[in-house]
Each structure stands twice: as C-alpha cells, then as structure tokens.
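Notes follow once the structure below has been shown.
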C-alpha cells in the first residue's frame with residue numbers, strides 16, 4: 686500500500702493542475718484531488734497505480750466532479766480569455782482540450798479518459814481548438830495619424846493572425862469605428878492630428894466598453910502627467926515588430942478590463 690501511495694503522490698501535481706482547470710477554481714480543484722487520492726489509494730489496481738499511468742486518475746476526477754454536480758460538472762466563471770472560450774463548449778469538448786493541450790495526453794489516452802473513440806476525441810479536439818483560436822483572434826482598431834506607421838502596424842497585426850477592423854487618424858474617426866466595427870483591442874498613438882489625444886480616446890473607450898488598449902507612442906510621459914498609466918500598456922516609438930507582438934500577446938491573455946462611468 687505504501688508503494689502505491691508513493692506512486693499516487695507523484696501524480697498529485699499533475700492532477701491538481703487538471704482539477705483546477707476542470708473546476709475553474711483552485712480550492713475546488715484541490716478538494717477534488719484530495720477526494721480522488723482517498724478513493725484511488727483504496728483501489729490501486731483499478732486506478733492504474735501499479736502501471737504508473739495517470740489516465741484512470743483523470744477519469745476518476747471527471748467522475749467525482751460530475752457526481753458533485755448531479756450529472757455534468759461545469760467550471761466556475763473565469764476572466765481568462767481561453768477559459769471563457771472553453772466554457773462555451775460542450776463539456777466533453779472542453780475536457781478533451783484540457784487533457785491534450787494542458788496535460789499533454791495523447792489523443793488515444795484522452796479518448797480513454799472520456800470513454801469515447803479516438804475519432805470522436807479528435808472531432809471534439811478540433812472543434813475546441815477552432816473555438817479557442819476564434820476567441821483569441823482580435824478585431825484591432827489602429828489609431829495613428831502617420832499613414833506609413835499606420836500601414837506598418839496593420840501589417841504586423843495581420844501577420845499575427847488578427848484582423849484590423851479600422852484605422853483612424855483622430856478622435857472622431859476612432860469613435861466612429863468603435864461604434865461600427867466593435868473592435869476588441871485598440872492600438873493608440875497619443876499625439877494625433879487635429880490636436881486630438883489618444884489618452885482621451887482611451888478614456889472614452891473605457892467609459893463605454895470593456896476594451897484592452899495599447900499606446901504606441903514616443904510621448905509616454907504624457908500618461909504620467911495625465912494619470913493615465915492604468916489605461917493600457919505602452920510600446921515606445923520607434924517600435925519593433927517584437928515589441929508590438931509581445932504587447933498584443935499580453936493584451937490577448939489579460940482579463941478583460943472593466944468599463945467605468
């Protein structure tokens with residue numbers, strides 16, 4: 686029994702990771718693993734402990750989670766964009782995605798955990814990946830009064846697989862695009878044509894929309910002067926492709942900011 690217990694405890698970090706993703710909450714996930722360990726250690730042969738495999742243990746966590754929820758468990762709400770996207774899926778698709786993408790299981794192993802055929806698991810995984818990819822694809826508003834720089838930013842955004850839904854040179858154009866194209870991310874210069882300010886655009890956006898913003902500017906000191914650092918990340922001009930890409934990637938994986946009055 687002690688040997689099996691040692692084998693089981695070697696799996697615990699992996700089980701905790703999966704259980705936290707499965708339930709959507711750290712405490713709920715850890716409670717689930719505690720229960721799973723108690724069950725598995727009493728029936729080591731049934732749950733694969735002599736073989737060193739985690740596949741039956743993942744299936745056990747699924748079973749216990751579903752029992753707790755009268756049939757099919759669902760995660761708690763999450764601000765993380767991938768978790769939000771996965772939460773829209775049928776639970777079978779979400780779990781196959783977690784088992785393969787998070788836990789690194791082979792498709793056949795994930796199918797065994799879910800008690801489906803490999804073909805069915807593959808179908809679920811494909812749909813889940815498409816859903817996550819679509820959720821992470823941003824509709825980007827570019828606010829830049831220099832047409833050459835605007836085109837360069839548009840090209841970088843497109844190369845990352847995102848969609849430029851509009852380009853504006855001033856506040857009026859930016860707000861029109863906000864209404865008509867409904868972007869999910871905005872890249873803003875600070876000093877614009879007609880004396881307009883990217884900071885004021887960001888403030889207007891945040892009053893009405895939960896939208897991530899990135900300032901692409903050589904005048905980031907203005908953010909300090911106007912107490913506006915909280916409105917978004919900063920990429921300094923002259924910018925590089927890597928700097929723009931890194932800022933967009935961070936923005937995509939950040940929780941959506943809350944609009945304020």
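In our numbering, the protein residues as written are 686 to 946. For each residue, glycine too, the CB sits at the ideal point set by N, CA and C.
7 Å CB neighbourhood of residue i in its chain, flanking five on each side removed
| i | result |
| --- | --- |
| residue 751 | 757 and 758 |
| residue 889 | 860 |
| residue 774 | 813 and 816 |
| residue 737 | 692 |
Span separating the alpha-carbon of residue i from that of residue j
| i | j | result |
| --- | --- | --- |
| residue 702 | residue 713 | 12 Å |
| residue 946 | residue 838 | Confidence at residue 946 is low in this model, with a pLDDT of 43, below 50, so the placement of that residue should be treated as unreliable; the coordinate-derived value is given next. Looking at the two C-alpha atoms, the distance is approximately 30 Å. |
| residue 696 | residue 932 | 36 Å |
| residue 724 | residue 718 | 10 Å |
| residue 798 | residue 919 | 44 Å |
| residue 809 | residue 782 | 8 Å |
| residue 694 | residue 705 | 17 Å |
| residue 893 | residue 855 | 18 Å |
| residue 852 | residue 832 | 9 Å |
| residue 899 | residue 691 | 49 Å |
| residue 882 | residue 763 | 33 Å |
| residue 779 | residue 728 | 28 Å |
| residue 921 | residue 907 | 12 Å |
| residue 928 | residue 903 | 14 Å |
| residue 930 | residue 755 | 44 Å |
| residue 711 | residue 865 | 40 Å |
| residue 682 | residue 820 | This structure leaves residue 682 out entirely; the chain is present only between 686 and 946. |
| residue 911 | residue 857 | 21 Å |
Expected contact under 8 Å - CB spacing of residue i and residue j to nearest Å
| i | j | result |
| --- | --- | --- |
| residue 771 | residue 817 | 7 Å |
| residue 859 | residue 886 | 5 Å |
| residue 708 | residue 761 | 7 Å |
| residue 901 | residue 924 | 6 Å |
| residue 777 | residue 746 | About 15 Å; that fails the 8 Å criterion. |
Coarse secondary structure for residue i, derived from DSSP in three states
| i | result |
| --- | --- |
| residue 859 | helix |
| residue 946 | Low confidence applies here, because residue 946 scores a pLDDT of 43, under 50, leaving its location unreliable and the question unanswered by this model. |
| residue 798 | helix |
| residue 699 | helix |
| residue 927 | helix |
| residue 900 | strand |
| residue 791 | coil |
| residue 721 | helix |
| residue 883 | helix |
| residue 851 | strand |
| residue 921 | strand |
| residue 867 | coil |
| residue 872 | strand |
| residue 809 | helix |
Closest residue to residue i among the options (Cα-Cα distance)
| i | options | result |
| --- | --- | --- |
| residue 844 | 832, 774, 825 and 780 | 825 |
| residue 828 | 873, 921 and 846 | 873 |
| residue 895 | 871, 777, 819 and 776 | 871 |
| residue 936 | 715, 863 and 766 | 766 |
| residue 834 | 754, 877, 857 and 862 | 877 |
| residue 830 | 880, 822 and 865 | 880 |
| residue 716 | 862, 769, 905 and 753 | 753 |
| residue 846 | 911, 800 and 822 | 822 |
Contacts around residue i, its chain only, beta-carbon distance under 8 Å, and the 5 residues preceding and following it disregarded
| i | result |
| --- | --- |
| residue 867 | 824 and 850 |
| residue 699 | 739 and 788 |
Contact set for residue i: own chain, Cβ-Cβ below 6 Å, skip 5 residues either direction
| i | result |
| --- | --- |
| residue 926 | 841 |
| residue 848 | 824 |
| residue 730 | none |
| residue 805 | none |
| residue 795 | 781, 784, 785 and 806 |
Contact with chain D by residue i, beta-carbon distance below 8 Å
| i | result |
| --- | --- |
| residue 714 | In summary, chain D is missing from the structure at hand, where a single protein chain is found. |
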